Structure formats: structure tokens, C-alpha cells
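Numbering (this note's numbering), first residue to last: 3 to 400. We put the beta carbon where it would ideally sit given N, CA and C, even for glycine. These figures come from a predicted structure and were not determined experimentally.
So, in C-alpha cells, the structure goes:
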């Protein structure tokens, strides 16, 4: 994500938000399962701490050697687009080397073997994505321009594992872990846990004959979830406030995938909200860079939110309140429109419950920096009560 912020190369954004976020969540699920503290690699009597894990901002690590590696990669990656793409090659080769070792160490622990193998297969795919991106920039040797250590063949890094890449495909083979993994499950409507993965919701529910109004609801909500993710990542780059990064990478990314699973199921083109004879196009969808939308009203909304959010940290957090209220208003309408289509109802309800939780997270964040009215500082339109937006009972979802 840091390299995408520097050079706007889409490959970084796509891999980070549609693959690495899920991979981090998968490993974290095991870390939590086995009660391991990820900030201390020497004393395993220290227990898992979600608070310590969540307190680590983007680009900061509790393990010195990982911090040193990140700093070195960042130093190289900021020099040019070509250097940044070479960093991608380096990261993926390093991952594969480590994962080969860890798969052997895992032995008979099938859960570790499965996750590590999934991660390794994804790294094969990502390596070739960076190799292609370099060649597209005129670096004819691709990743091999770095020398023998990073020059791999399809026999060493099997190309067929590209199905996980998320660089060319919409859904990762490793979906199923919640984007908010580790944040707990509020019992009230603020829950942001996905009870079913994106694919499961699409495949384990009946296929309904949707009206144009229902198709419009799906297409529009995909754009709106992309808007939330994109504006939060942008505002994180502007303010370095961790709340934006956490919600974008651990929630909005998964929400976008859930809606997209239904968009694909019903063969809807999300770039055209008027003509539903136009089919779903993954290529068109993937071609949309961060902050760009094919739907004019969504583009106008994003631009207005960006203009406000980049003024100050307070304005940025207020944008968070505005996004979540807008989402809830739209989702209330779309839940009614969904009618008997249980897959749409389930996804829209899940998204609405998450927006309740995110609203209170932004409200608290504003109060923490001295805005005593929180989201209510924006006026009555964005001032909600716990009765209107049910409060999660086990902590805010940052």
C-alpha cells in the first residue's frame, strides 16, 4: 500500500487489498487459535494480544528484523516505479523461501500446512504479476533484472497457481476469513463478522429472478463499498490515523468482495446502471483505479468527500461518519427492495450492521481528539442515537 501511494501502480493496490489483507487475516486466525504473541519471537509464554497487534500502524513492526527489511524495501521502492515493482519481486521470492521452510516445519499440523501452502501459491502468482508489470514498463528481463536470486522459472514458481492472484481474478481462493478477523463479534447489530464467505453466500443460496431495481441495488452497492474502501485508504495516507487503515483493509475489502460475488452470480455490469443486458465484466471492474468510478454520482460523492477529508484529521474522521450514515440510508432502502431474495438481504444486512459499528468507531475517534459531539458535530443529518444505530456490545470495530 505504501508503494501504491507513491506511484499509483494498480498492481500494488490490487494485491494488497484483495490478497495480502486476507492472508494476514488467515495467519492471525492461527496465531489467535494457538495464543501466540506476534511481537515477541523468543518468549512463547506471552499470550496473544489483539490490542498490541491492532496498535501497530502501517509500516511498523514489533520484530526488529522485519522492521529492518521493511525499511530497506521502502528505501529502494520509493526511488522509481521500476524499483517499486522490483521490490514486489523481492517480497514474493522472500515469502516463498520462508514458506517452503515453514511448510516443512509444520509437519503434521494440517492447519498450518494448508495456510502456508495457500500463501506460497499466492506468492507464485504475485511474482509473475510483478514480472509482467516490469516487462510492461520496458524492463525486458522482468524480475530477472534483479539477478539470479530473484530470477525464477515457471518450474520453480508454477504459473498455474495464478488463480489465487487477485491480480487477474476477482476472488481469491482464500476468501472465507473475515476482513475484521480478530475484532470480536458484537452481539448487537454492530457485528462485522462474515458468517459466510463471499463465495458461500453466492453459492449456498438460491438464484432469484431479480428485477432491474434489485440489480441496480447490487451494482450501486458495489460502487459504494469501493468508495468506502478507497476513501479510507486515501485518508489513512493523509492522516496516518489507524482507524482508516483497519476499517478499509479488515472490513470494506471483504464487503466489496461479498457484493461482487452477487454481482457475478447475477451477471451484472457494475459500470452501467441503466442497461442490464450488459454482462458482468471482471476486466472492466479491475481496470478501475483507486478513487475512480464509472458511475458519475459515485464519482461526484467521492470527490466531495476527498475534498473535505484532506483538510484536516477532524474533517477526515467526519467523512467517516458521513460515509457510514450514507451507507445505512442506502442499505435500509436496498434491504426493502431485496424482498424475498435472501442472498441480497443477508449481504445488505451484514453491510448495514458493519456500518453501525464503524459509525461509532468514527464517533469515538472524534471524541478522542477533542471533538466532544463526535459525529453529531456535523449536524442532525449525521447525529445518530444507539437506538437508530445499535451499538456493538464488545467494543468498537476499528
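Check, Outcome
"Nearest to residue 89 (by Cα), restricted to the options 339, 216 and 5", "5"
"Contact with chain D by residue 67, beta-carbon distance below 9 Å", "This model lacks chain D altogether, as it is built from one protein chain only."
"Same chain, Cβ closer than 6 Å to residue 136, five either side skipped, listed in chain order", "87 and 144"
"Exposed unless 16 or more other CB atoms sit within 10 angstroms - verdict on residue 117", "buried"
"Limits of the alpha helix (DSSP H) - the one that residue 260 falls within", "255 to 267"
"Residue 282 vs residue 265 beta-carbon contact at 9 Å", "yes"
"Residues near residue 12 in its chain [Cβ-Cβ closer than 6 Å; skip 5 each side]", "291"
"Among 300, 302, 272 and 299, the one whose alpha carbon lies nearest that of residue 288", "272"
"Residue 289 (DSSP reduced to helix, strand or coil)", "coil"
"Residues near residue 274 by beta carbon distance below 7 Å, same chain, minus five either side", "280"
"Complete beta strand (DSSP E) runs within the segment 219 to 243 (minimum length 3 residues, chain order)", "none"
"Cβ neighbours of residue 23 in the same chain (closer than 6 Å, five flanking residues each side left out)", "251 and 255"
"Inter-residue Cα distance where the pair is residue 57 and residue 370", "15 Å"
"Backbone CA spacing between residue 157 and residue 78 [nearest angstrom]", "28 Å"
"Three-state secondary structure (DSSP) of residue 270", "coil"
"Status (buried if at least 16 other CB within 10 Å, exposed otherwise) for residue 150", "exposed"
"Integer Cβ distance of residue 80 from residue 148, believed to fall under 8 Å", "So it is not a contact: roughly 17 Å between Cβ atoms."
"Backbone secondary structure at residue 78 - three-state DSSP", "helix"
"Residue 127 versus 105, 153, 160 and 102, residue with shortest Cα-Cα distance", "160"
"Contact under 9 Å by Cβ, residue 333 with residue 357", "yes"
"Environment of residue 16 [buried if 16+ CB atoms lie within 10 Å]", "buried"
"Unbroken alpha helix (DSSP H) run spanning residue 366, endpoints", "344 to 370"
"C-beta contact flag for residue 121 and residue 257 at 9 Å", "no"
"Candidates 337, 320, 228 and 343: closest to residue 297 by CA position", "228"
"Same chain, Cβ closer than 6 Å to residue 215, five either side skipped, listed in chain order", "339"
"Cβ pair residue 300, residue 225 closer than 9 Å", "yes"
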